[in-house]
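Asks: Protein chains in written order, with this note's numbering: chain A, 1 to 997; chain B, 1 to 215. A virtual CB, placed ideally from N, CA and C, is assigned to each residue, including glycine. This is the structure I want to talk about, given as structure tokens.
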Amino acid sequence: MSKIEPTSTRFVIEPLSQFDLSTHSRTTTVRSIAITSLSNPTILYVGTNSGTLFSLSADTNDSNTSQNGTVPSDSASFLHKLSFIRSVSVSDSPVDAVLVLADLGKVLLLSDGSLFLVDSELSNRAFRLGFSKGVAVVTRRKMRNNESEGLGFDMNNQNHRFLQKLGGLIVKDGETQSGACVLALAIGRKLVIVELVLGSGKSGKSDKDFNNGSLVVLKEIQCVDGVVSTMVWIDDSIFVGTVNGYSLISCVSGQSSVIFSLPDVSRPPRLKLLHREWRVLLLVDNVGVIVDVQGQPVGGSLVFRHGLQSVGELSFYVVVVSDGKIELYNKKNGVCAQVLPFGGEGIGPCVVASEEDKSGKIVAVATATKVVCYQKLPSVEQIKDLLRKKNYKGAICLVEELESEGEMSKDLLSFIHAQVGFLLLFDLHFEEAVDHFLLSDTMQPSEIFPFIMRDPNRWSLLVPRNRYWGLHPPPAPLEDVVDDGLMTIQRASFLRKAGVETIVDNDLFLNPPNRADLLESAIKNISRYLEASREKKLTQSVSEGVDTLLMYLYRALNRTEDMERLASSTNCCVVEELEHMLEESGHLRTLAFLYASKGMSSKAVSIWRILARNYSSSLWKDPALDNIIQDSGENLISGKAIAAEASKILEESSDQDLILQHLGWIADISQVLAVEVLTSDKREIQLSPDEVVTSIDPQKVEILQRYLQWLIEHQDCFDTQLHTLYALSLAKSAIEAFEFENISENLASGNTERKNLATLRNSIFQTPVRERLQIFLQSSDLYDPEEVLDLIEGSELWLEKAILYRRLGQETLVLQILALKLEDSEAAEQYCAEIGRADAYMQLLEMYLDPQDGKDPMFTAAVRLLHNHGESLDPLQVLEKLSPDMPLQLASETLLRMFRARVHHHRQGQIVHSLSRAVDIDARLSRLDERSRHVQINDESLCDSCNARLGTKLFAMYPDDTVVCYKCYRRQGESVSVSGRNFKEDILIKPGWLVSR
Amino acid sequence: MATIGHNNLNAKLVLLGDMGAGKSSLVLRFVKGQFLEFQESTIGAAFFSQTLAVNDATVKFEIWDTAGQERYHSLAPMYYRGAAAAIIVYDITSTDSFSRAKKWVQELQKQGNPNMVMAFAGNKCDLEDKRKVTAEDLSTGKMIGNAKESRGLYYLDNGLDFKDQQKTYSGATISNENHSDQILDLNNNEGPPEMPQHNDSYKETQSGFTTIDPT
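Dropping the structure here:
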């Protein structure tokens, strides 16, 4: 538990000044010592074995040992001398204890079992306080301010008054406040609580000049355990130590309880108040047990390896002296932090004195003839010292301790983490270095910049000139850091061979790393730092530096993926800084992403174009035929990916020239992408259709068509020219496709599958071109039909022609095409229906019967026509039209059909007529029924409107059974009843009136 | 004593036993999951704390690992005073340590907190071939006195899983295989039926330790 770890050896204290008693008196030796810092300068009181007390001034002001930053050597010969102030003779016996009552300006001495009082300047003779002899131990009550008031237990009046009287030295936040001086005296087995009352000076002189005073006994407590040899009094707890053990006595109740007993044979008990924690240290041999005010143990035991003669306190350390050594142990974890010799072994008894203050900085050690004063090094100096020794772990450990003790500000902690990071960096421990950088809240990312880019650069002025403690060299590019570090290791190995000890990391020394590995680790870790820095809130210029340099580092390790990720995400990279570098190293994709992310579309697209060209040329050059297919697959994919990236940029761009400039090569790779570029909804300013149309490669008809289709269908373009253009383009394609189909059909009927595949593969459209043409011709009104007609006049696109003629109103031509060319009698009939005139049917019939051009009459179609629409044709005309050549058999059938149809039509009419009449009669009947209804009224019957008695008056009834008097009837009219129902608008139907047949 | 606040429970636990029984090793395994081949002799007492989740409460153990040396015996009362639980450790290969452990039980019964939960732990059961303390030694258990006095005493031994005539004790195993691993294995989850104040629940933790949780 209390192992002395070499890593934690620190320099907590350094010798400050010393005093040699032998130069003043050859006969006497030091017996006791006390220190007070309430006066300035700090004064040491030393009691001697010959019964004198002298004071020494530990002038701390001119101590500059710690200022120059070097830890002083242990030799005491350079030390300042403690200046001797004054001495006073107390008694003939040794001065056993010195108690500084700083608040009263007095010093209380214990000598020969009696108490003496001296003023703190030692200007007057010591005054013996009249009290029984045999005082073995004296202690003053110490209280913490807030606890002195709320004495929560056993508050009976007597005790309360007693306690109020008691008072004590109140310690509040490290300051001692003056209060009554209440002391506990141990006289044999008895404990006497007394108050020191200072006598007032005669003839108006101040108290300080006189040492007289008296002790007033407040209480006596019997202590049964044994002879008290040590005592501490805090708040209401008096801790006493006897040969048998330690007890806790309550000054309120006087009750005593055993804390623990000592082993049968052991060193005398010893107690020490720990001001800082407000706890008490109880010693058993060389073991220290810390207990709280209630006597409960707190924390593990402290083990003082080398025994102890005296114990003091400094900051969070316990100071023990033994055998001419001063040792500091951490109160919390019991680790020995520092061992300092101050005299040879066998030097005899030593005593240590520490300030009775939370923030004490000085401890004094006395041997028989020598007094040495030690000063606590500022924490910063302690840390610096550890860092200088490259004991980073120890330094961080100390820093953490200081932080947990609340003695270190957050900023300082951050500062130290950064400092440690830099030291580690120069020691080539890059990973640990960055770990520390990341722990520092105050470190600026720009501090790292000089390690990445040689000065001067764009960010040179941003780099804070923070040199920390100047423990590391100025920043240099990582290569230099690595080179210098390696050189240091090399030099150290030479020195070591020559027998000179150097502070170089053993690991690195034993396994010298190679430069490339180090550099890689450096770059990797520094990029880790920059990556983390990106998350922080930084100023624009620093962000730029971070991102740009991060790209630099990625490139150095050729981390293409990271580069591209960084470039394509939102970043603050400075393009000018990276352009050249990326171009040279061939990271064109990254550059293109970067341009794109910075809105430099034209540059980005140009790079994609170059990349695309490179891909295709490499594909072209490939001589191995076997590989072509495989490679072409790959290259096409990557080519497509490139085009996709470029088109992504262009889709958002409104720069028409740029788009049209790059459309060509994108279309070469993928027509779909080209179309996407043109038809993008993402751009702010739409492209001018005319220019787009003119710039589209005439070879790439489908792109044009797709674009026009998008304009017309999605953008609701009403430009007749574009409609015409679209129609013409479709028509042209349709003609070509038609011809191609015919040719291939002619070539080999067996190859149809292949042809279909070919046409399917090449087209970006899913539906065949003719279908599209027909749909468009039918749906749009804005194209110029004549122009289109001109184009397809000579072709076989009959249906299209029909559509166009229809548009032109050339009914005869349309019918001719439909009926004779396409022989689509259904469509022809449909068209006639559209025309809606009987003569259209007649015309059609005529065409069927006399197709001309030497064609046979199409009797079947004619018969069908007559059958379907015969009733609307004039039989005479039909008869006239029928050609004499028509076979009678067919004609008769047709005519019979026609007649039959007419008769049928007639009869159908008759049936409908009769049915209507039946309904009419039914209705009349119902009406009559309704009108002939009887209504019975009596004397009570009232008019529903005016509520007048009907009596024998004339009245009327409405169909909804409301009855009104004649007057009201006249007023209301026939069709509106009393309920407001208008029978003309809201027809009333009763079930009986319905025609049930 | 165990104190409760916001479902957080503080429990003072003290380890007692002869020197070399393995108290410090037991604590070290529980708190840090470590095992040291050469554990230094404890001087005075060592303090540890470990927080465990038991059901929906957290128990913070304040563990006092006392020194086994006779010289520091007198310090022990300071540590077991007010403790909620005590583990008395003995070495199964040493009858001396067993009789010392029995003395500890007696001392605690006489002077300790009457509500204290005591656990009796036989350590080093990887050294089975050198076993000196047998199950009979335990079951004859004269040192426990009558049943009333033995309330709250648990046996944690080498998994022999024995039962008293009237009461069900919890048998547990501490194995110390090749001095490299210690497992406190619980064989019986039943608590003693007559436990008016200690509704004990056990939970195995990742460290393989068994917690005793007086609520």
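Let me know if asparagine 391 of chain A comes out buried or exposed under the rule of 16 or more other beta-carbons within 10 Å of its beta-carbon.
Replies: The residue in question, asparagine 391 of chain A, is buried, as its Cβ has 16 or more Cβ neighbours within 10 Å.
Asks: Thinking just about the alpha-carbon of each residue, which of B/Phe61, B/Ser25, B/Ile43 and B/Leu108 is nearest to the one in leucine 9 of chain B?
Replies: The option with the nearest alpha carbon to leucine 9 of chain B is B/Phe61.
Asks: Taking all protein chains shown into account, do 16 or more other C-beta atoms lie within 10 angstroms of the C-beta of methionine 487 of chain A, making it buried, or fewer, making it exposed?
Replies: So methionine 487 of chain A counts as exposed.
Asks: Serine 825 of chain A and arginine 864 of chain A: beta carbons closer than 8 Å?
Replies: Yes, these two residues count as a Cβ contact at 8 Å.
Asks: Going by alpha carbons, who is nearest to valine 14 of chain B out of B/Arg131, B/Ala119, B/Asn55 and B/Asp126?
Replies: Selected option, being the one with the closest Cα: B/Ala119.
Asks: Kindly indicate the opening and closing residues of the alpha helix (DSSP H) around glycine 485 of chain A.
Replies: Unbroken alpha helix (DSSP H) run through glycine 485 of chain A: 478-497.
Asks: Report buried or exposed for proline 114 of chain B, applying the criterion of at least 16 other Cβ atoms within 10 angstroms of its Cβ.
Replies: Exposed, since its Cβ has fewer than 16 Cβ neighbours within 10 Å.
Asks: Restricting to Cα atoms, I'd like to know which of A/Val677, A/Ala667, A/Tyr529 and A/Gln889 is closest to serine 647 of chain A.
Replies: Among A/Val677, A/Ala667, A/Tyr529 and A/Gln889, the Cα nearest to that of serine 647 of chain A belongs to A/Val677.
Asks: Taking Cβ-Cβ distances below 7 Å as the criterion, which residues of the stretch 246-276 of chain A are in contact with chain B?
Replies: Flagged, chain order: Ile259, Phe260, Ser261, Leu262 and Pro263.
Asks: If contacts are defined as beta-carbon pairs under 8 Å, then valine 318 of chain A and lysine 331 of chain A qualify, I think. What distance do you get, rounded to the angstrom?
Replies: With 8 Å as the limit, valine 318 of chain A and lysine 331 of chain A qualify as a contact, their Cβ atoms being about 6 Å apart.
Asks: For glutamine 830 of chain A, which option in A/Asn868, A/Ala492, A/Ile775 and A/Leu428 has the closest C-alpha, if you only look at C-alpha atoms?
Replies: Minimum Cα distance to glutamine 830 of chain A is reached at A/Asn868.
Asks: What is the DSSP secondary structure of histidine 73 of chain B, reduced to helix, strand or coil?
Replies: Of the three classes helix, strand and coil, the one that applies to histidine 73 of chain B here is helix, per DSSP.
Asks: Answer yes if the stretch 227-238 of chain A comes into contact with the stretch 254-271 of chain A, meaning at least three C-beta pairs across the two stretches below 8 Å, and no otherwise.
Replies: Yes, since at least three Cβ pairs between the stretch 254-271 of chain A and the stretch 227-238 of chain A fall closer than 8 Å, the two stretches touch.
Asks: Sorted by chain position, which residues of the same chain lie with C-beta nearer than 6 Å to tyrosine 848 of chain A's C-beta, five sequence neighbours on each side aside?
Replies: Here the set comprises Met858, Ala861 and Ala862.
Asks: Whose C-beta lies closer than 7 Å to the C-beta of glycine 980 of chain A among residues of the same chain, with five residues either side of it excluded?
Replies: So no residue of the chain qualifies.
Asks: Return the residue from the list B/Asp65, B/Ala67, B/Glu37 and B/Ser49 that minimises the CA-CA distance to valine 59 of chain B.
Replies: Measuring from the Cα of valine 59 of chain B, the nearest candidate turns out to be B/Ser49.
Asks: Using the C-alpha atoms, what's the distance from arginine 279 of chain A back to serine 87 of chain A?
Replies: Approximately 34 Å between the Cα atoms of the pair.
Asks: Given histidine 417 of chain A, which residues of its chain have a CB within under 6 Å of its CB, disregarding the five upstream and five downstream residues?
Replies: Taken in chain order, the residues that qualify are His436, Leu439 and Ser440.
Asks: Since leucine 16 of chain B is in the alpha helix (DSSP H), which residue starts that stretch and which ends it?
Replies: Where leucine 16 of chain B is concerned, there is no enclosing alpha helix (DSSP H), although the beta strand (DSSP E) it sits in stretches over 8-17.
Asks: Which residue from A/Ser527, A/Gly470 and A/Gly130 puts its Cα closest to that of glutamate 431 of chain A?
Replies: Comparing Cα positions, the closest option is A/Ser527.
Asks: In the DSSP assignment, find the alpha helix (DSSP H) that holds asparagine 525 of chain A and state where it starts and stops.
Replies: Run containing asparagine 525 of chain A: 515-535, per the alpha helix (DSSP H) assignment.
Asks: Would glutamate 355 of chain A pass as a contact of valine 339 of chain A if the rule is Cβ separation under 8 Å?
Replies: Cβ distance not < 8 Å, so glutamate 355 of chain A and valine 339 of chain A don't count as in contact.
Asks: Which residues of chain A have a Cβ atom closer than 7 Å to the Cβ of methionine 78 of chain B, listed in chain order?
Replies: Per Cβ cutoff of 7 Å: Ile259, Phe260 and Pro297.
Asks: Could you name the residues of the same chain whose beta carbon sits closer than 8 Å to that of leucine 988 of chain A, not counting the 5 residues immediately before and after it, in chain order?
Replies: Cβ neighbours of leucine 988 of chain A beyond the five flanking positions: Pro959, Asp960 and Arg981.
Asks: Give me the Cα-Cα distance between histidine 219 of chain B and alanine 67 of chain B, rounded to the nearest whole angstrom.
Replies: Missing from the structure shown is residue 219 of chain B; chain B here goes from 1 to 215 and no further.
Asks: Cα-Cα, which of A/Val380, A/Gly324, A/Glu403 and A/Gly130 is closest to valine 365 of chain A?
Replies: Measuring from the Cα of valine 365 of chain A, the nearest candidate turns out to be A/Gly324.
Asks: Find the residues of chain B that neighbour valine 482 of chain A, judging by a C-beta separation of less than 9 Å, and give them in chain order.
Replies: Result: empty, since nearest Cβ-Cβ is about 38 Å, beyond 9 Å.
Asks: Quick check: alanine 218 of chain B and leucine 16 of chain B, are their CB atoms within less than 8 Å of each other?
Replies: Only positions 1 to 215 of chain B appear in this structure, which leaves residue 218 of chain B out of reach.
Asks: How about proline 689 of chain A and leucine 660 of chain A: do their beta carbons lie closer than 8 Å?
Replies: Contact flag unset, no.
Asks: Measure the alpha-carbon distance for phenylalanine 260 of chain A versus tyrosine 80 of chain B and round it to whole angstroms.
Replies: Going from the Cα of phenylalanine 260 of chain A to the Cα of tyrosine 80 of chain B covers about 11 Å.
Asks: If I'm right that tyrosine 805 of chain A touches leucine 799 of chain A with Cβ under 8 Å, what's the distance once you round it to whole angstroms?
Replies: Between leucine 799 of chain A and tyrosine 805 of chain A the Cβ distance is about 11 Å, and since that is not below 8 Å, they are no contact.
Asks: Could you check the C-alpha separation between glycine 113 of chain A and glycine 130 of chain A for me, to the nearest Å?
Replies: Going from the Cα of glycine 113 of chain A to the Cα of glycine 130 of chain A covers about 12 Å.
Asks: Tell me which residues of the stretch 43-59 of chain B have at least one Cβ-Cβ distance to chain A shorter than 9 Å, keeping chain order.
Replies: From the stretch 43-59 of chain B, only Ile43, Gly44, Ala45, Ala46, Phe47 and Phe48 have a Cβ closer than 9 Å to chain A.
Asks: What's the call for proline 474 of chain A, buried or exposed, on a 16-neighbour Cβ count within 10 Å?
Replies: Under this definition proline 474 of chain A is an exposed residue.
Asks: Straight-line CA distance for valine 335 of chain A to tyrosine 329 of chain A?
Replies: Valine 335 of chain A and tyrosine 329 of chain A: Cα-Cα distance of roughly 5 Å.
Asks: Using the Cα positions of leucine 942 of chain A and glycine 909 of chain A, report the straight-line distance between them to the nearest angstrom.
Replies: C-alpha separation (whole angstroms): 52 Å.
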